[in-house]
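**Q**
Protein chains: 2
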Amino acid sequence: MDMNDAVKGLAALAQESRLGVFRLLVRCGAEGMAAGDIARHLDIAANTLSTHLGILANAGLVQSRREGRSIIYSADYDGTRRLLAFLMEDCCQGRPEVCAPILESVLPGCCGTETHGGNDEASAH
Amino acid sequence: MDMNDAVKGLAALAQESRLGVFRLLVRCGAEGMAAGDIARHLDIAANTLSTHLGILANAGLVQSRREGRSIIYSADYDGTRRLLAFLMEDCCQGRPEVCAPILESVLPGCCGTETHGGNDEASAH
DNA sequence: CTTATATTTCGATAATTCTCGAAATATGGA
DNA sequence: TCCATATTTCGAGAATTATCGAAATATAAG
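First to last, the sequence lines map onto chains A and B. Taking numbering that gives the first Met the number 0, the leading residue of the first sequence gets 0, the next gets one more, and so forth. Taking numbering that gives the first Met the number 0, the leading residue of the second sequence gets 0, the next gets one more, and so forth.
1) Round the Cβ separation of R26 of chain B and D89 of chain A to the nearest angstrom and send it over; I've been treating them as touching at under 8 Å.
2) Looking only at C-alpha atoms, which of B:A84, B:V97, B:L60 sits nearest to A11 of chain B?
3) Assuming S63 of chain B and I54 of chain B form a contact by the criterion Cβ under 8 Å, report the distance between their Cβ atoms to the nearest whole angstrom.
4) Going along the chain, which residues of the stretch 35-68 of chain B sit with their C-beta nearer than 9 Å to a C-beta in chain A?
5) By alpha-carbon positions, which one of B:A56, B:E30, B:S16 ends up nearest to R39 of chain B?
6) Who are R64 of chain A's beta bridge partners in DSSP?
7) Distance check for G35 of chain B and L41 of chain B, CA to CA, integer angstroms please.
8) Could you check how far apart the C-beta atoms of I101 of chain A and L83 of chain B are, in whole angstroms? I think they sit under 8 Å.
9) Could you spell out the range, first to last residue, of the alpha helix (DSSP H) harbouring R81 of chain A?
10) Checking the sheet assignment: what are the DSSP bridge partners for M2 of chain B?
11) List, in chain order, every chain B residue whose beta-carbon is nearer than 7 Å to that of A10 of chain A.
12) Which two residues bound the contiguous alpha helix (DSSP H) that contains G31 of chain B?
13) Can the beta-carbon of L52 of chain B be found closer than 9 Å to that of Y76 of chain B?
14) What span of residues does the alpha helix (DSSP H) with A56 of chain B cover, start to end?
15) Compare the C-alpha of A29 of chain B against each of B:A44, B:Q14, B:T79, B:A74 and name the closest.
16) For G28 of chain A, which residues in chain B fall below 7 Å Cβ to Cβ?
17) Within the same chain, show all residues whose beta-carbon is closer than 7 Å to that of I43 of chain A, passing over the 5 residues directly before and after it, in chain order.
18) Where does R17 of chain A sit, in a helix, a strand or coil, going by DSSP?
19) Less than 9 Å between the C-beta atoms of A13 of chain A and V6 of chain B, yes or no?
20) For R128 of chain A, which of helix, strand or coil comes out of DSSP?
21) Just the Cα atoms here: how many angstroms apart are L125 of chain A and G67 of chain B?
22) Do G31 of chain B and A58 of chain B have their C-beta atoms closer together than 9 Å?
23) Among B:R81, B:G19, B:R94, B:A45, which one has its Cα closest to the Cα of M0 of chain B?
24) List, in order along the chain, the chain B residues whose C-beta lies closer than 9 Å to that of I71 of chain A?
25) Within 10 angstroms of the Cβ of M87 of chain A, are there 16 or more other Cβ atoms? Answer buried if so, exposed if not.
Right, dumping it as structure tokens:
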């Protein structure tokens, strides 16, 4: 992940349709969604969506696989992780209290985010 | 934080000069850096940088304060946190193992990120 | 008040990008 | 083979954006 990769990734997300697609796929998880279903879901023309999906895929934010006539897209969690990590690189410079709140609320109430609270039973999903 | 705010924030970061400014300020912490120093540091013309800083500020990613003749810019950690949280909203949908690695490496090796390892002594800053 | 430093605003040009219609490619079924 | 469905590629026009020179504003110092 260098500056060019990061700009490419951020530019891919910096557009209403593509951000909508990405967030939809983030919610879908590994199962993903067929291109046509995404188009219907977000009311985007098929060819326009195809361009957007290509940009997101090229940026390493989504993946695709073929299933019969459909092509299924899903979020690329690893690429996403790399982008976010690059953004916040060397953030806290000896002051953990600055960036700890950022970390703790990126995925609010999720995945054992409550690092300092200690109530692991609460995140029961 | 809605779709428009997020697109504004991502677009602000999706440009090489601005991404460089943001990452520089993230490393500077609350102390920040004067506009002129940023311009020299990144070799950007003063007026061009001013436009970029305005865009970053309008997106809620940096703040400014005056000190004498200089205007000091610093990263807006809270705005940044809101943007990242929006990006990953409803990410894990019942499968914490999917997004936990994202969370743990956004700020690698920092701020007690080692949620599941348990060796708190390692993050000794 | 005058001058110097620091930053921003203005106006214009060059480059990039979004969107869409039309056509092309790929897969599955009759 | 022929047709229908699913997605992508191509080409063009409209809109947005980056950058820069010049001028304007704001603060500090002599």
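By construction, the Cβ of each residue, glycine as well, lies at the ideal position given by its N, Cα and C atoms.
**A** Result, derived from the coordinates:
1) Locating residue 26 of chain B in the second sequence gives position 27, where the first residue counts as 1. Locating residue 89 of chain A in the first sequence gives position 90, where the first residue counts as 1. Contact flag correct, Cβ pair sits at about 5 Å.
2) Taking the first residue of the second sequence as position 1, residue 11 of chain B is located at position 12. The option with the nearest alpha carbon to A11 of chain B is B:L60.
3) Numbered from its first residue, the second sequence carries residue 63 of chain B at position 64. Numbered from its first residue, the second sequence carries residue 54 of chain B at position 55. About 13 Å separates the two Cβ atoms, so there is no contact after all.
4) none
5) As a working note, residue 39 of chain B is residue 40 in the second sequence. Closest option to R39 of chain B, Cα to Cα, is B:S16.
6) Taking the first sequence and counting its residues from 1, one reaches residue 64 of chain A at position 65. A:I71, per the DSSP bridge assignment.
7) For the purposes of this step, residue 41 of chain B is taken as residue 42 along the second sequence, with counting starting at 1. For the purposes of this step, residue 35 of chain B is taken as residue 36 along the second sequence, with counting starting at 1. In a straight line, the C-alpha of L41 of chain B is about 10 Å away from that of G35 of chain B.
8) For the purposes of this step, residue 101 of chain A is taken as the residue at position 102 of the first sequence. For the purposes of this step, residue 83 of chain B is taken as the residue at position 84 of the second sequence. Their Cβ separation, rounded to whole angstroms, is 7 Å, which keeps I101 of chain A and L83 of chain B in contact under 8 Å.
9) Numbered from 1 along the first sequence, position 82 holds the residue referred to as residue 81 of chain A. That run of the alpha helix (DSSP H) goes 76-86.
10) Translated into the one-based positions of the second sequence, residue 2 of chain B becomes position 3. Note: M2 of chain B sits in no beta bridge, so no partner.
11) The residue given as residue 10 of chain A occupies position 11 in the first sequence. Within chain B, the residues near A10 of chain A are A13.
12) Counting from 1 along the second sequence, the entry for residue 31 of chain B is found at position 32. It is not in any alpha helix (DSSP H) - G31 of chain B carries neither H nor E in the DSSP assignment.
13) In the second sequence, residue 52 of chain B corresponds to position 53, counting from 1. In the second sequence, residue 76 of chain B corresponds to position 77, counting from 1. Not closer than 9 Å, so no.
14) Taking the first residue of the second sequence as 1, we reach residue 56 of chain B at position 57. From DSSP, the alpha helix (DSSP H) with A56 of chain B extends over 45-57.
15) The residue labelled residue 29 of chain B in the question sits at position 30 within the second sequence. Of the listed residues, the one whose Cα sits closest to A29 of chain B is B:A74.
16) Along the first sequence, one-based indexing puts residue 28 of chain A at 29. Under the 7 Å cutoff, chain B gives Q92, R94, V97.
17) Looking up residue 43 of chain A in the first sequence gives position 44. Excluding positions up to five away in sequence, the list reads S16.
18) On the first sequence, position 18 is the one that residue 17 of chain A refers to. Reduced to three states, the DSSP call for R17 of chain A is helix.
19) The sequence position of residue 13 of chain A within the first sequence is 14, counting from 1. The sequence position of residue 6 of chain B within the second sequence is 7, counting from 1. The answer is yes: Cβ separation under 9 Å.
20) Here chain A has residues from 0 to 124 only, and residue 128 of chain A is not among them.
21) Chain A is shown only over 0 to 124; residue 125 of chain A falls outside these bounds and no answer can be derived.
22) Here residue 31 of chain B corresponds to residue number 32 of the second sequence, with the count starting at 1. Here residue 58 of chain B corresponds to residue number 59 of the second sequence, with the count starting at 1. No, these two residues do not count as a Cβ contact at 9 Å.
23) Along the second sequence, read from residue 1 onward, the residue named residue 0 of chain B stands at position 1. It is B:R81.
24) Within the first sequence, numbered from 1, the residue matching residue 71 of chain A stands at position 72. In chain order: nothing, as chain B lies at least about 17 Å away.
25) Against the first sequence, residue 87 of chain A aligns to sequence position 88. Buried, since its Cβ has 16 or more Cβ neighbours within 10 Å.
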